[in-house]
Amino acid sequence: MTDIALQAIGLVRRIEGVVAHTLVNGIDLAANKGEFLAITGPSGSGKSSLLYLLGLLDAPSEGEVIICGQSTSKLSESERADVRLTKCGFVFQFHFLLAEFTALDNVLLPMRAAGRMTESEMRERGLSLLDSLGLSEHANKHPNQLSGGQRQRVAIARALANRPEIIVADEPTGALDTASTEQVFSILRDIADEGQTVIVVTHDPALAARADRRIHIVDGKIAETTERGVGELILETGK
Amino acid sequence: MKLVLNIAWTHVSTRVRQTLVGMAGVAMGVGFTIMMAGLMQGSQIDFLRQLVDTMPHVTVEDERRSVPTQPAEQEYGAVQMSDIANVGRRAGIRYPESVMNSLRAWIPGDVAPSVKTTAIIDHGGARIGITLTGIDPRFEVRVSKLASQMRQGKLDDLSRASNGIIVGEALAEKLGLKTGNTVRLIGGQGTRLNSTVVGLFRSGLKRVDESQIYSLTGPAQIMMGQNGVINQLRLRLDDPLSAQKVAAQVEAQTGYQSVSWQEANADLLSTFTVRDFIVLTVMGAMLLTSSFATYNIISTITHEKRQDIAIMKSLGMREYAVRRIFIVEAVIIGVVGILFGWILGYLLCYGWSQITIFNPLTGTTVPLQIYYSPMHYLVAGGISLLCCAGAAYFPARKATRVHPVEIIRGSS
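From first to last, the protein sequence lines stand for chains F and L. With the first sequence counted from 1, adding 713 to any position gets you my numbering. With the second sequence counted from 1, adding 1486 to any position gets you my numbering.
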């Protein structure tokens, strides 16, 4: 049984048009189960594009993504949606909670979409997730009644709802203050420590340094990979 | 499905004003459609009822539909005959009693003999062409509503006066006739007959009331110059709608031309068909137009909820599931609107039925005839629901086709 939760092979993402543009240019990487992987890089380097490819939100122009041993290159859009629903959890820079729903209802959304649990089981899990993120008192509040950090924690709870193998986070602390940023990163660290793979795109080098591995992207290619605990040892240099 | 319903309900319930406008649009469309259908069908049924009550359902006449086939035509395939000599043929239906008895054995109704001819009524210096129908009152009550259409006198009075006649009310008014007056009838061959008006009738059809006179068969035969002849058999059926089928069978059996009331009024019925088509087109347009409000609402919601659509898709909800949310929203608006539309439709129908109008044909004031049918409610509701779902489908499809990454990037 492999320990690799996610593998990318020769990923390329091109934007076709009058002026063709390559966002991701031949990336190979693998993320192990329970690994906390940080993707860094300057603006426009292609790190978010890479993340969307890894989370199956976008389809590569070339190459393939293998999630939990399952190749996704030949899946239809509906099948990709199913993989996203059950195996990937998304956290974005903005919380993207549904405004008319309470925090609990937002957390229940992926579970209801998957339809694998009874309503009472879903509510129990939803409340448990909110409780573990310190939001039990806010379960019945709407997003506009929550602070930025609380909203982002609700978004994390929503991402965890279906017990996905992989959590994909695109600058989850980008719109938060320092205290909330620390809180969110601690939560993501804990999630990885509990065995789920976490892939985070961040601009913050201090936070990236707390990841198990850091991949630095420049011009759509991996410029360097740094592993935590080995200091700032450069394992691999982009060509 | 519960999730879809939950989101859909949240969307519509948090946009009360827009939702109410959409529901009002649907309700108006459905309500007025039901009213129009009730009014249209009511007036049509009322007219047809008068027509069917007044006319025999099937009339068997002593005529043939075509010239009898000639021996040469039977022998050779490529023969064309014209200007065939008129072989003398005795007027009237042969052995009418036998024919009637054989028909009574199978037709779902009854049959009565009559003599139909034309004449001129001469009274007070006025001469008017009329249709004179000689009847037998004993059988007539079985095949027509003439007895119930009598305004003065009775059918049996025909036997109680010398050459008694029953005159249409409109004709009597035109000639200034009253019961007991004597008029002169002039037949086609110059026969003159003094007759006594023993009764007045009103069928409700002006063309009948202005030109129809009834007598016993004897005077009518005298006016026709054919004693003892019966030239018409009139059938009344239990189910007037079976008249065409029965007429065809009677014609096949007797060989005489048998005309159903539908055939006799084919031009009128075709007018109804055209009218139905026009009204149905208008009603369809009303329902379609009423769904535009739903289209607007769903378009607005899908536009406002682009970010939610993107996030739902990114979480793993399938495109059709997201699309279904907006269709369910339209269905919610549609269903509630339809329920109110049904109430509105009923109230409008009731309101119209309280209005009376002067009918120049009958010269009476009558209430507007409304036909209440569950089918109107079901059809209007069903079409409206389809229009609403259709109106939601296109903006929903367009919105859910958007790639989530485009929206997420745009929002970041």
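Just so you know, even glycine gets a beta-carbon here, dropped at the ideal spot from N, CA and C.
Item	Value
What first and last residue would you give for the beta strand (DSSP E) that runs through L/Q1698?	Q1698 to L1702
Under 8 angstroms between beta-carbons, which chain L residues line up against F/L798? List them in chain order, please.	L1801, G1802 and M1803
Starting from F/R825, find everything on chain L with Cβ-Cβ shorter than 7 angstroms and list it in chain order.	K1488 and L1489
Where DSSP assigns a beta bridge to L/S1785, which residues make up the other side?	Answer is none; L/S1785 lacks a bridge partner.
Is the distance from the Cβ of L/A1633 to the Cβ of L/L1641 below 8 angstroms?	yes
Can you pull the chain L neighbours of F/L811, defined as C-beta to C-beta under 7 angstroms?	D1794
So who's on the other strand from F/F749, going by DSSP bridges?	F/V911
With distance defined between alpha-carbon atoms, name the residue in L/I1797, L/A1866 and L/V1821 nearest to L/G1896.	L/I1797
Whole angstroms are fine: how far does the CA of L/G1741 sit from the CA of L/A1564?	25 angstroms
Is the CB of F/S758 under 8 angstroms away from at least one CB in chain L?	no
Out of L/R1503, L/S1600 and L/R1761, state which residue places its alpha-carbon closest to the alpha-carbon of L/T1545.	L/S1600
Name the DSSP beta bridge partners of F/K934, please?	F/V931
Closer than 8 angstroms between beta carbons: that is the criterion. Which residues of the region 1494 to 1515 of chain L meet it against chain F?	T1496, H1497 and T1500
Under DSSP, the beta strand (DSSP E) around L/V1715 begins and ends at which residues?	Note, L/V1715: premise wrong, no beta strand (DSSP E); not H, not E.
So, F/K760 versus F/V914, is the Cβ gap smaller than 8 angstroms?	yes
Could you tell me which residues DSSP puts in a beta bridge with L/D1596?	L/R1722
Closest to F/L763 by C-alpha separation, out of F/D883, F/R923 and F/N819, would be which residue?	F/D883
Look up L/A1612 in the DSSP assignment and give the residues it is bridged to.	L/H1609
Along the beta strand (DSSP E) that carries L/A1888, what are the first and last residues, could you check?	What sits at residue 1888 of chain L in the sequence shown is Val, not Ala. Unbroken run through L/V1888: none, as it is neither H nor E.
If contact means a Cβ-Cβ distance below 8 angstroms, which residues of the region 1864 to 1892 of chain L contact chain F?	H1889, P1890 and V1891
So, using beta-carbon positions, are L/A1733 and L/S1744 closer together than 8 angstroms?	yes
Return the bridge partner residues of L/M1636 from the DSSP annotation.	L/F1687
In this structure, does DSSP put F/V732 in helix, strand or coil?	coil
Would you kindly check if the distance between the Cβ of L/D1548 and the Cβ of L/N1713 is under 8 angstroms?	no
Quick check on DSSP: helix, strand or coil for F/E837?	helix
Identify, in the order they occur along the chain, each residue of the same chain with its Cβ nearer than 6 angstroms to the Cβ of L/G1508, setting aside the five sequence neighbours on each side.	A1779, T1780, I1783 and I1819
Identify the contact partners of L/I1894 in chain F, using a Cβ-Cβ distance below 7 angstroms as the criterion.	F805
Considering L/V1565, what are the terminal residues of the beta strand (DSSP E) in which it resides?	Where L/V1565 is concerned, there is no enclosing beta strand (DSSP E), given that its DSSP letter is neither H nor E.
Hey, F/V911 and F/F807 are a contact pair by Cβ (cut 8 angstroms); roughly how many whole angstroms apart?	F/V911 to F/F807, Cβ: 19 angstroms. No contact.
Does DSSP put F/Q858 in a helix, a strand or coil?	helix
Please report how far the alpha carbon of L/I1531 lies from the alpha carbon of L/G1676, in whole angstroms.	42 angstroms
Give the residues of chain L in contact with F/S791, contact being defined as C-beta atoms less than 7 angstroms apart.	R1804
Tell me the start and end of each unbroken beta strand (DSSP E) in the region 863 to 901 of chain F that is at least 3 residues and wholly inside, in chain order.	879 to 883
L/M1735 lies in the alpha helix (DSSP H); which residues open and close that run?	In the sequence on display, residue 1735 of chain L carries Gln and not Met. That run of the alpha helix (DSSP H) goes A1729 to T1740.
So which residues of chain F does L/I1797 contact, with C-beta pairs closer than 7 angstroms?	F809
I need the straight-line Cα distance from L/M1487 to F/I722, nearest angstrom please.	37 angstroms
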